[in-house]
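The listed protein sequences correspond, in order, to chains A and B. Following my numbering, the numbering of the first sequence begins with 51 at its first residue and continues without gaps. Following my numbering, the numbering of the second sequence begins with 51 at its first residue and continues without gaps. Beta carbons: idealized from backbone N, C-alpha and C, even for Gly. As structure tokens, the structure follows; a few thoughts come after it.
Number of protein chains: 2
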Amino acid sequence: MDISEKFISKETVYNGSFIEVEKRKYELCDGREAYRDIVVHPSACAVVAVDNNMNIYLVKQYRAAFDRILLEIPAGKMDAGEEPIECVRRELEEETGLRAGKFTHLSSIAVSPGFCTEIIHIYLAQNLEQGNTNPDEDEHLLVSKMRLEAARKNVFNGTFSDAKTISGVLLAYEYLNIKP
Amino acid sequence: MDISEKFISKETVYNGSFIEVEKRKYELCDGREAYRDIVVHPSACAVVAVDNNMNIYLVKQYRAAFDRILLEIPAGKMDAGEEPIECVRRELEEETGLRAGKFTHLSSIAVSPGFCTEIIHIYLAQNLEQGNTNPDEDEHLLVSKMRLEAARKNVFNGTFSDAKTISGVLLAYEYLNIKP
Numbered sequence: 051m052d053i054s055e056k057f058i059s060k061e062t063v064y065n066g067s068f069i070e071v072e073k074r075k076y077e078l079c080d081g082r083e084a085y086r087d088i089v090v091h092p093s094a095c096a097v098v099a100v101d102n103n104m105n106i107y108l109v110k111q112y113r114a115a116f117d118r119i120l121l122e123i124p125a126g127k128m129d130a131g132e133e134p135i136e137c138v139r140r141e142l143e144e145e146t147g148l149r150a151g152k153f154t155h156l157s158s159i160a161v162s163p164g165f166c167t168e169i170i171h172i173y174l175a176q177n178l179e180q181g182n183t184n185p186d187e188d189e190h191l192l193v194s195k196m197r198l199e200a201a202r203k204n205v206f207n208g209t210f211s212d213a214k215t216i217s218g219v220l221l222a223y224e225y226l227n228i229k230p
Numbered sequence: 051m052d053i054s055e056k057f058i059s060k061e062t063v064y065n066g067s068f069i070e071v072e073k074r075k076y077e078l079c080d081g082r083e084a085y086r087d088i089v090v091h092p093s094a095c096a097v098v099a100v101d102n103n104m105n106i107y108l109v110k111q112y113r114a115a116f117d118r119i120l121l122e123i124p125a126g127k128m129d130a131g132e133e134p135i136e137c138v139r140r141e142l143e144e145e146t147g148l149r150a151g152k153f154t155h156l157s158s159i160a161v162s163p164g165f166c167t168e169i170i171h172i173y174l175a176q177n178l179e180q181g182n183t184n185p186d187e188d189e190h191l192l193v194s195k196m197r198l199e200a201a202r203k204n205v206f207n208g209t210f211s212d213a214k215t216i217s218g219v220l221l222a223y224e225y226l227n228i229k230p
């Protein structure tokens, strides 16, 4: 059974600072037509940076969508024309001041495939060295560390609230244990 | 250091079938002002349904945002006034025909806290019984099963592409192993 849909047309209904919203029309597999709102996002990278003592680096940041401060792994949107590996290297140094000798791609996750094109490319960073922090002008961050083992236990207790951090912590833990 | 931001004002710039887009103005912690585009979403539930043989249930669905068919755990948006536990019970039966004797909340993940209010409440479902499928009119799904152990290995190889599925599989695996 073919469950694909055929794109018919689209209208850009909002053009924001980094997202666009498209109202798209599709032909469904049963022949009917339906509209789908799609948020077009430039995608992003996130990084589980693990030091030699198996601590990971975290950033606290105010998130307007929830009106509270969340504890997350470092991450940021991809610039136009930027490759994921360039983005993750840049974001890690901007947000934490760290440089890494080794990056490993863990996964690329669609955050909400029902309506949004954003993919977050999640990397493991190892062989860390101190560089210089340089956050974006409208970003205010507090950096902290936590044992990876503690972070893994904290995925169930509300310490972390977002998809990339919970996925990243569990993926890094699995990766470092099953492929040592 | 207080890194919170103060809400000043907002304008609804798009009102879609289930998302709204708000352009909000904030006072940053350094006193400057900035605009933030926020996608307001009704939030959703997702479910890792595990049978007595440690298989999990998956659904294939066409995703317009990526123009391809993705393999995901069953999930769906919350109806107005609906509690997460009601939503997850409804979505599991609509999409797979299954009823579960036991639901356990694993985590609630913000899919992309930088711009979107969507939270996905992820549950484990056990003690499964067959009911009746009843998908939404514009949803066309194919249901399949996979061993949880195989799913855990597949988080690294691209079999799954979305945040709730990768988080859900790893959370369920951790939960069933560390709290048996």
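With a cut-off of 7 Å, does the C-beta of R140 of chain A fall near any C-beta of chain B? no
Does the beta-carbon of G208 of chain B have 16 or more other beta-carbons within 10 angstroms, so that it is buried, or is it exposed? exposed
Contact list for T167 of chain A against chain B, beta-carbon separation under 8 Å: A115, F116
Is it a yes or a no for the segment 160-176 of chain B touching the segment 79-94 of chain B, going by three-plus beta-carbon pairs under 8 Å? yes
The segment 149-165 of chain A in contact with the segment 108-125 of chain B per 3-pair CB rule at 8 Å: yes
If contact means a Cβ-Cβ distance below 8 Å, which residues of the segment 52-72 of chain A contact chain B? I53, S54, E55, F57, V63, Y64, G66, S67, F68, I69, V71
Residues of chain A with a CB under 8 Å from the CB of A160 of chain B: which are they? R113, A115, F116, L120, S211, D212, A213
Straight-line CA distance for R140 of chain B to K195 of chain A? 40 Å
What are the boundary residues of the alpha helix (DSSP H) that includes V138 of chain B? 134-146
CA nearest to the CA of T62 of chain B, picked from B:R74, B:D129, B:I53, B:E144: B:R74
Compute the Euclidean distance between the alpha carbons of D129 of chain B and R202 of chain A, then round it to the nearest angstrom. 32 Å
Output the boundary residues of the beta strand (DSSP E) element that contains A96 of chain A. 94-99
Got a sec? Which residues, its chain only, sit under 6 Å from V193 of chain A by beta carbon, not counting five neighbours each side? V109, T146
Closest residue to I135 of chain A among A:R118, A:L120, A:R149, A:F153 (Cα-Cα distance): A:F153
Can you find the residues in the same chain that come closer than 6 Å, C-beta to C-beta, to H12 of chain B, ignoring five residues on each side of it along the sequence? The structure shown does not extend to residue 12 of chain B, since chain B is modelled only from 51 through 230, so no value can be given for it.
For the beta strand (DSSP E) containing D72 of chain A, list its first residue and its last residue. The question names Asp, but residue 72 of chain A is Glu in the sequence shown. Unbroken beta strand (DSSP E) run through E72 of chain A: 70-77.
Measure how close the beta-carbons of Y173 of chain A and V138 of chain A come, nearest whole angstrom, since I'm counting them as under 8 Å. 5 Å
Bridge-paired residues (DSSP) for M196 of chain B: B:I106
Please list the partners that R74 of chain B has in chain A, where partner means a Cβ-to-Cβ separation under 7 Å. A114
Interface residues of chain B around K110 of chain A at Cβ under 9 Å? I53
Please go through the same chain and pick out, in chain order, the residues whose beta-carbon is closer than 8 Å to the beta-carbon of M51 of chain B, but skip the five residues on each side of it. C79
Is the CB of V89 of chain B under 7 Å away from at least one CB in chain A? yes
List the residues of chain B that H171 of chain A touches, going by C-beta distances under 8 Å, in chain order. None at all; the shortest Cβ gap to chain B is about 12 Å.
Pick from B:E199, B:D186, B:E187, B:L148 that is closest to A175 of chain B, judged by C-alpha positions: B:L148
Answer with yes or no whether the minimum CB distance from S217 of chain B to chain A is below 7 Å. yes
Give me whichever residues DSSP pairs with A125 of chain B in a beta bridge. B:A96
Own chain, CB closer than 7 Å to A84 of chain A, minus 5 neighbours either side, in chain order: Y76, L78
Which whole runs of the alpha helix (DSSP H) in the segment 155-211 of chain A are 4 residues long or more, in chain order? 198-204
Can you tell me whether S217 of chain A is helix, strand or coil according to DSSP? helix
Count the other CB atoms within 10 Å of the CB of F68 of chain A; is the residue buried (16 or more) or exposed (fewer)? exposed
For E224 of chain A, name the three-state secondary structure that DSSP assigns. helix
So who's on the other strand from S59 of chain B, going by DSSP bridges? B:K75
With distances taken Cα to Cα, identify the nearest neighbour of N182 of chain A among A:Y64, A:E144, A:V100. A:E144
Considering only their Cβ atoms, is the gap separating A150 of chain A from L178 of chain A smaller than 7 Å? yes
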